[in-house]
Each structure stands twice: as C-alpha cells, then as structure tokens.
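Worksheet: one structure, shown below.
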Amino acid sequence: HLEGRCGDRLFDCRDVSFIVGEGEDKGIPLGCGTGIEQHKQIQDYVLTTHLNLALCFLRLKDFSQAVENCNKVIEQDKSNEKALYRRGEARLLRNDYNLAMADFQKVLEVNPSNRAARTQLSSCQSKMKEHQEQEKKIYANMFQKFAERDSKVCELFILG
C-alpha cells in the first residue's frame, strides 16, 4: 500500500477512501506549505484525477464521460497535451471526426513531435473519407430507388 508523510504526520492509502465523485479525507493534510502552494497542489491532483478518469472512461467505452473529464482539464489548462489527446481519441471513437481532428491538431501545436497525435490525425482523415464514401453510396442508392419508384408511378398514371 502507498504511504506518505506531511510534516510529522504519517499516513497511508487506507486512511483515504474514495467513491467516484466523492472523497473523505479523515483528517489527512492535502499538502504542506503556504495556501497558494497547497491550492496549486490540489489543482494538480484534480487535473490528474480528471485525466485518469478520462482514461478509465475511454477503456470502458463511455466516450461522453471521457470527453467531459477532458473538458474539465482543458478549462484549467488549455494546452494540456494528455487532455487534448484523450478527448481527440474519444471523439474519434464517437465518429466526431472534425472535432477529433481539431484536438489532434492542437496536440501537435503544443508538441509538434507527438507521433501518436500525428498517427491519429492521419487515422481521422482516412476514417472521414471512408465515412463520406459510405454516405455517398447510401444516398446514391436511395435516390436511385426514388427515381425508379417515381418512374413506375408515372407509367401507371399515364397508362391508367
């Protein structure tokens, strides 16, 4: 189990219990130092927690929750590479190709050497093309069927 020390106090992971969305601290200090330092440390923990939740929701295929947790991180840190990347992944898996591409492009603005984002951007573009081709086929067949039906109706009307 994990242990920690703050000043002269020793604590371990058994002293803290968490339920998703809730936490009970049983008198454990969240950090040492001045109020500003503590606030910064708490904010870092909150951002890390949202990033971890986003990853969990991605693995559970709950893409809306993954996006929501990434958004909470991005509200605090607009150039957070992990949040942008994970949100892009969730959006890609939800077939929100344009939004996913925008996220992966932002990742590359933050870190131009991020190969994973470059690969995902390429994947987005190819999936977008596939999706457009499928839609073309669907609509082409649909319009062809309407045209055939309309011509039959016209024939019946003229002959009838």
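Here my numbering is used: the first residue of the sequence shown is 55, the next is one more, and so on. All C-beta atoms, glycine included, are put in the ideal place defined by N, C-alpha and C. Note that the structure is predicted; figures quoted are calculated from it, not measured.
Tell me which same chain residues have a C-beta within less than 6 angstroms of the C-beta of residue i, skipping the five on either side of it?
{"i": "cysteine 124", "result": "Ala108, Ala137, Arg140 and Arg141"}
{"i": "valine 164", "result": "Ser133 and Glu135"}
{"i": "lysine 126", "result": "His104"}
{"i": "glutamine 186", "result": "none"}
Taking 8 angstroms as the limit between beta carbons, can you name the residues of its chain near residue i, skipping five residues before and five after?
{"i": "isoleucine 128", "result": "Asn134, Ala137, Leu138 and Arg141"}
{"i": "asparagine 168", "result": "Glu135, Tyr139, Val161 and Leu162"}
{"i": "glutamine 97", "result": "Gln130"}
{"i": "serine 177", "result": "Leu146"}
{"i": "leucine 175", "result": "Met155, Phe158, Gln159 and Leu162"}
Near residue i, what residues of its chain come up, given a Cβ to Cβ distance below 7 angstroms and the 5 sequence neighbours on each side ignored?
{"i": "lysine 160", "result": "Leu138"}
{"i": "leucine 153", "result": "Arg145"}
{"i": "glutamine 121", "result": "Residue identity differs from the one stated: residue 121 is valine in this sequence, not glutamine. The residues are Arg141, Ala144 and Arg145."}
{"i": "serine 118", "result": "none"}
{"i": "alanine 171", "result": "Tyr139, Phe158, Val161 and Leu162"}
Am I right that residue i and residue j are in contact with their C-beta atoms under 8 angstroms? What's the rounded C-beta distance?
{"i": "tyrosine 151", "j": "lysine 191", "result": "Contact doesn't hold; Cβ gap of about 18 angstroms is too wide."}
Assess, as a yes-or-no matter, whether the region 134 to 148 is touched by the region 105 to 121 under the definition of 3 or more beta carbon pairs within less than 8 angstroms. yes
Whole alpha helix (DSSP H) runs in the region 142 to 172 with 4 or more residues, listed along the chain? 151 to 164
Enumerated in chain order, which unbroken segments of the alpha helix (DSSP H) with a length of 4 residues or greater are wholly contained in the region 113 to 142? 117 to 130
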